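Participant:
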Amino acid sequence: MAQAINVTSGSQAILTLGTTAAMAAPGGTDGLVVPLVQDVSVSTQPGTVRYSTLDSTSSSAFTTVMENEVSFNMLLDEDTFFGNASLTNNSVAELGLFTTSNNKTEIHFSVAFEGADSTDNYLHGTGFIGGLAPNASLEQAVWISSGSIIVNGDLSKDTV
Amino acid sequence: MSVRSDLISQITTNLSGHSNISINSELPFIQGGNPLYSTNMNTVYVDEQEIERETLYVTLDGGNVEQSTTTINAYLATDAKEQFSDINTVISNLLIAGDVISNTVDVEKSYETEIADDVITYTFEYSYTTI
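Protein sequences appear in the order of chains Z and P. Heads up: the first sequence is residues 13 to 172, going by this note's numbering. Heads up: the second sequence is residues 522 to 652, going by this note's numbering.
1. How far does the alpha helix (DSSP H) with Asp627/P in it extend, from its first residue to its last?
2. According to DSSP, is Leu557/P part of a helix, a strand, or is it coil?
3. Ser87/Z versus chain P: which residues are under 7 Å apart at the beta carbon?
4. Please report how far the alpha carbon of Phe94/Z lies from the alpha carbon of Gly143/Z, in whole angstroms.
5. Taking all protein chains shown into account, decide if Ser103/Z is buried (16 or more other Cβ within 10 angstroms of its Cβ) or exposed.
6. Round the Cβ separation of Leu615/P and Asn545/P to the nearest angstrom and send it over; I've been treating them as touching at under 8 Å.
7. Of all Cβ atoms in chain Z, is any one closer than 8 Å to the Cβ of Gly554/P?
8. Regarding Thr31/Z and the ligand SAH, is the C-beta to nearest heavy atom distance less than 7 Å?
9. In the DSSP assignment, the beta strand (DSSP E) including Phe74/Z goes from what residue to what residue?
10. So, does the stretch 77 to 84 of chain Z touch the stretch 46 to 54 of chain Z, judging by three or more C-beta pairs under 8 Å?
11. Strictly under 8 Å for the Cβ-Cβ distance: is Ala153/Z near chain P by that measure?
12. Does Thr75/Z pass the burial test, meaning 16 or more other C-beta atoms within 10 Å, or should it be called exposed?
13. Round the Cβ separation of Val123/Z and Leu27/Z to the nearest angstrom and send it over; I've been treating them as touching at under 8 Å.
14. For chain Z, is any of its Cβ atoms less than 8 Å away from the one on Val640/P?
15. Just to make sure I have the definition right: I need the residues of chain Z whose C-beta is within less than 7 Å of the C-beta of Gly583/P. Which are they?
16. Taking the straight line between their C-alpha atoms, what separation do you get for Ala34/Z and Thr111/Z?
17. So, does the CB of Gln15/Z fall closer than 8 Å to a CB anywhere in chain P?
18. Once the 5 residues before and after Gly619/P are set aside, which same chain residues still bring their CB inside 6 Å of it?
19. Less than 8 Å between the C-beta atoms of Gly30/Z and Leu48/Z, yes or no?
20. Can you give the Cα-Cα distance for Ile560/P and Thr576/P, rounded to whole angstroms?
21. Residues in the same chain with beta-carbon distance under 6 Å from Thr642/P, minus the five sequence neighbours each way, listed in chain order, please.
22. Determine the burial state of Ala637/P: buried for a count of at least 16 other Cβ atoms within 10 Å of its Cβ, exposed for fewer.
23. Note down the Cα distance separating Asn555/P from Gln604/P, rounded to an integer number of angstroms.
24. With Ser537/P as the anchor, note down where its beta strand (DSSP E) starts and where it stops.
25. Need the endpoints of the alpha helix (DSSP H) that Glu90/Z sits in, please.
26. Taking 8 Å as the threshold (beta carbon to beta carbon), is Ile612/P in contact with chain Z?
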């Protein structure tokens, strides 16, 4: 029987960043687990070109390249956004999301769907941090920012 | 310091110029079938604070952010036939005292009156929303 992946336990949907694939894997040593994420979306879209032919009343299409992106919204954590100088084993954690984005540094990432336990599924790849747009207001009381990872190349699936 | 004690402290300061009105830090409990503010007229009583918490932001790692609303009532009963000439100033000072609480997202202050026999009772409600 089909069963939806439940994320309400608080340890299923995990975004991890690092300088190597092993570090950025779910549960990877020194990986930066982005905290206080409100939602995360993985977008994978093939590029297509449509064309018409005289013998068909419907258009046809062929694919070009995949365009992949991970987007998320988060409540801002000071260390995560501005960096923690003591986390020297992972420059993403050391410098923070802003500086890593500003430096246009390519990073490794993973999006865990089922947690970080053995055989749990996740997607991973490399890319660039973008889309940071921190905003604050008295009504929302805390800093909130969107963010994205513009994926460079393929998204791959794997298990922990 | 609790919200209640801060409020009592500020009300004490704000009413210092009104010799006919005092404040009592006791809770307005019922004594002999009547609340203390009804027995001891011209004395402000501040009730116990009530706190309501609700989740404001839900995050995937369970690091949720809560919103807390603290509500406190204060009571003042006085003679309805011969009110103090500066009763409006007293009311104003009681409302302004509610501004003492800081780091709030929202503050609401209001009062309502009820007249029974020859006694008018002012019930003030202070509500503070914090994150």
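Here a beta-carbon is modelled for each residue, glycine too, at the ideal position from N, C-alpha and C. All figures in this text were calculated on a predicted structure; none of them were measured in a lab.
Facilitator: In this structure, then:
1. Element bounds for Asp627/P: not the alpha helix (DSSP H) but the beta strand (DSSP E), 627 to 637.
2. Correct three-state label for Leu557/P: helix.
3. Checking the sequence shown, residue 87/Z turns out to be Leu, not Ser. Here the neighbours are Tyr578, Thr580, Val586.
4. Near 16 Å, if we compare the C-alpha coordinates of Gly143/Z and Phe94/Z.
5. It is buried - the Cβ of Ser103/Z has at least 16 other Cβ atoms within 10 Å.
6. Actually they are not in contact, since the Cβ atoms of Leu615/P and Asn545/P sit about 14 Å apart, beyond 8 Å.
7. Taking Cβ atoms only, chain Z never reaches closer than 8 Å to Gly554/P, which makes this a no.
8. This structure simply doesn't include the ligand SAH, nor any ligand for that matter.
9. Per DSSP, Phe74/Z is one residue of the beta strand (DSSP E) stretching across 72 to 87.
10. Verdict: yes, contact present.
11. Yes, contact with chain P.
12. Thr75/Z comes out exposed.
13. With 8 Å as the limit, Val123/Z and Leu27/Z qualify as a contact, their Cβ atoms being about 6 Å apart.
14. It does not: the Cβ of Val640/P has no partner Cβ on chain Z nearer than 8 Å.
15. Gly22, listed in chain order.
16. Whole-angstrom Cα-Cα distance: 22 Å.
17. It does not: the Cβ of Gln15/Z has no partner Cβ on chain P nearer than 8 Å.
18. Once the five neighbours on either side are set aside, the close Cβ partners of Gly619/P are Lys630, Tyr647.
19. In this structure, Leu48/Z does not lie closer than 8 Å to Gly30/Z by Cβ.
20. Note on residue identity: the sequence assigns Thr, not Ile, to residue 560/P. Answer to the nearest angstrom: the Cα atoms are 41 Å apart.
21. In its chain, beyond the 5 residues on either side, Ala598, Glu635 have a beta carbon closer than 6 Å to the beta carbon of Thr642/P.
22. A residue is called buried once 16 or more other Cβ atoms fall within 10 Å of its Cβ, and Ala637/P, having fewer, is exposed.
23. Spanning the two alpha carbons is a distance of roughly 21 Å.
24. It is not in any beta strand (DSSP E) - Ser537/P carries neither H nor E in the DSSP assignment.
25. Per DSSP, Glu90/Z belongs to the alpha helix (DSSP H) from 90 to 94.
26. Not an interface residue.
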